[in-house]
Amino acid sequence: EYLIRINNEAQFSFPMVRIKVVQDGVLHVESGIEEMINLGQDLLVATNTGLLYRITWDGSILNNYTISLNTLSCSICLNSDRTFKLNKPGLYAKQIEFSSLLNGIGIVFSDGTCGLIICETSRFEPSQCQCIVIQPSSEEKIWKTHCCVALNAIYQLLAFGTTNGQGVIYYIDELTSSLQLAYKIRLSVENFPDLVETLGSLCSMKWSPDYRVLCTLWDNGAFAVWTVFGILLYCSYSSHQLLTSMQSYGLCNVIGSTEHLVLQSEDKIHLYLSGGAINSTNSTQQEQNGTNNSLLSTIAYDVGWQIIQVPQLYIHNNWPIKFACIDNTGQYLAVAGQHGFAHLSLLTRKWKLFGNAGQERDIRVVGGLLWWQEFIICGSTSNSDSRDDYIPKREIRVYSRLTNLDNIFSNVTRIQSPIVCMNICDDTLIVFCYDLHIMLYAIEKKEMKLASCAQLIKLHEISVESYVPHAVFVPFVGLTSLRTDSGSSYFCY
């Protein structure tokens, strides 16, 4: 099977992409440029004269869209009628950052204050722009020492670095539309006694592409990595942590009611198993998997972190790993990269891959990868049997681990919109789609001639357009077990 797969993969090539940068034009700006960001259709250029210029990609200035900071309407609370103008001589934007999802521009002023420029439209017309500024704090040292900004669109957070070396994170209050302090990040003197005194300003901050990790950089070259909740993950000056062991970690779904934890890196899986759950495997499952008691006992009591290396045959063309999950028994692991997926039996240490490389490359797992009994459920996009290859089909696919990974053994359910996230509770599958619709499916096992299969039966479709502004703001969806005695169903997101 693997020899056939290797021969089939020989037809797929990955050409090197050559990028050539050519100067298209030159535009002279009268004053010095402090910062420049991309607004999509235009560029926004901040100068040291207190103006924000809008420049098109062909090099022309849109004078009607030029924003003057001195005439910008400001307020502490968006719902407040009390607005004011800055009107400070020499005031300009030291740093700016744009977020299309927030439809706002984070700004740090030259006097150390900061805020968020928002507009009712995406064009940011000067007459409709308003700046929500950070309200004066009792800690004057923090209030006027901001020097850099990073916007988190998913969690709606604004991170600002300060000249005293610490970071302050603000959130947007939904009730008053004001910026409220969420937490601060700083390196403690207890853990880094020799470093804190020489840190300098926190000069740069960047969120990871999934907005779950924040990286901070100080003037002296030190950098640190923090979670979205302000927990320190790594510091470059720490001798107790190794960056190589933490790179590209992503916390995957923790299977409900079990104590297994999966951390995924680019090409390997870090797995934490609890001995009790695995040791409860019955004899029928042992016989189906061809295992013996000694092997099962070895794994059951090998409690702690295990490193699972994804086979090179799969990871070579599908790097990096995007999804990983483990079943309730803690015996079977599934991973998905750029195309298709593969699963592993932790008892036999044997991987199972698609025998047909073409089928594997046709599937892109999106939204999630889940186990239900002996079945693997995944959201996917596919171009197979499509009249228009530019419009991929959105599907929910179900495969059995007891059969070969082949489409003839799969059950496919078509959906209208791409899947954002999905989850399982008992025998119910909940799916959240990009069109802000939540769908509930009942999962039923059916015996077929070739092998048993799992069938999805649609129960409900619920629209949450009135509650969720954008699909990317929902990182998780799951069913709860509240009031099960009343027969009512509840879900949370």
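In this text, residue positions in the sequence shown follow the working numbering: the first is 773, and each later residue adds one.
Beta carbons: idealized from backbone N, C-alpha and C, even for Gly.
Quick check on I1079: buried or exposed, where buried means 16 or more other Cβ atoms within 10 Å of its Cβ? exposed
Measuring CB to CB, does S949 end up less than 8 angstroms from C886? no
I'd like the list of long-range same chain contacts for R895, defined as Cβ closer than 6 angstroms, with 5 residues on each side in sequence excluded. none
For A925 versus I941, is the C-beta distance shorter than 8 angstroms? no
Can you round the beta-carbon distance between A1223 and E1216 to whole angstroms, since I take them to be within the 8 angstroms contact cut? Wrong, their Cβ atoms sit about 15 angstroms apart, outside the cutoff.
Going by C-alpha to C-alpha distance, which of Y1104, I1234, F1126 and G831 sits closest to Q1145? Y1104
Have a look at the DSSP bridge pairing and note the partners of M977. T988
Thinking L1177 and L1119 are a contact (beta carbons under 8 angstroms), I'd like their distance in whole angstroms, please. Going by Cβ atoms, the distance from L1177 to L1119 rounds to 18 angstroms, so no, they are not a contact pair.
Between T819, G831 and E807, which lies nearest to Q795 when the distance is taken from Cα to Cα? G831
Expressed to the nearest angstrom, what Euclidean distance is found between the alpha-carbon atoms of V961 and G812? 43 angstroms
If we call anything under 8 angstroms between Cβ atoms a contact, is M1194 one with G1112? no
Proximal residues to P1247 (C-beta, below 6 angstroms), its chain only, five neighbours per side dropped: none
Which residues in the same chain as I868 place their Cβ atom closer than 6 angstroms to its Cβ, once the five residues preceding and following it in sequence are excluded? E807, I809, A818, I877 and I879
My assumption, with CB atoms under 8 angstroms, is that A996 sits in contact with L953. Please give the rounded CB distance. That belief does not hold up - the Cβ atoms of A996 and L953 are roughly 20 angstroms apart, past 8 angstroms.
Taking the beta strand (DSSP E) that A1226 falls in, what are its first and last residues? C1225 to S1235
Reducing DSSP to helix, strand and coil, say where S803 ends up. coil
Are the region 1164-1181 and the region 1149-1156 touching by the rule of at least three beta carbon pairs closer than 8 angstroms? yes
What residue from I1041, L834 and G1127 has the CA that sits closest to C1097's CA? I1041
Through-space distance from L816 to W829, alpha-carbon basis: 11 angstroms
In terms of residues, what are the limits of the alpha helix (DSSP H) holding L1043? L1043 -> not in any alpha helix (DSSP H); beta strand (DSSP E) instead, spanning K1040 to L1045.
Between which two residues does the alpha helix (DSSP H) harbouring N924 extend? Not the alpha helix (DSSP H): N924 falls in the beta strand (DSSP E), residues H918 to N924.
So is D1198 buried or exposed if we call it buried at 16+ other beta carbons inside 10 Å? exposed
Close-in-space but distant-in-sequence residues of the same chain around E1132 (CB under 7 angstroms, 5 per side omitted): H1111, G1112 and F1126
Under three-state DSSP, which class holds T843? helix
Go to L1033, then tell me how far its beta strand (DSSP E) extends in each direction, as first and last residue. L1033 to Q1036
N-terminal and C-terminal residue of the beta strand (DSSP E) that Q867 is part of: A865 to S871
Taking the C-alpha atoms as reference points, what is the distance between N1025 and Q1036? Any reading at N1025 must be qualified, since the residue scores a pLDDT of 38, below 50, and its modelled position is unreliable; no value is offered.
Could you give the first and the last residue of the continuous alpha helix (DSSP H) run that contains H1088? Q1084 to N1090
From I1229 to Y1213, what distance separates their C-alpha atoms? 5 angstroms
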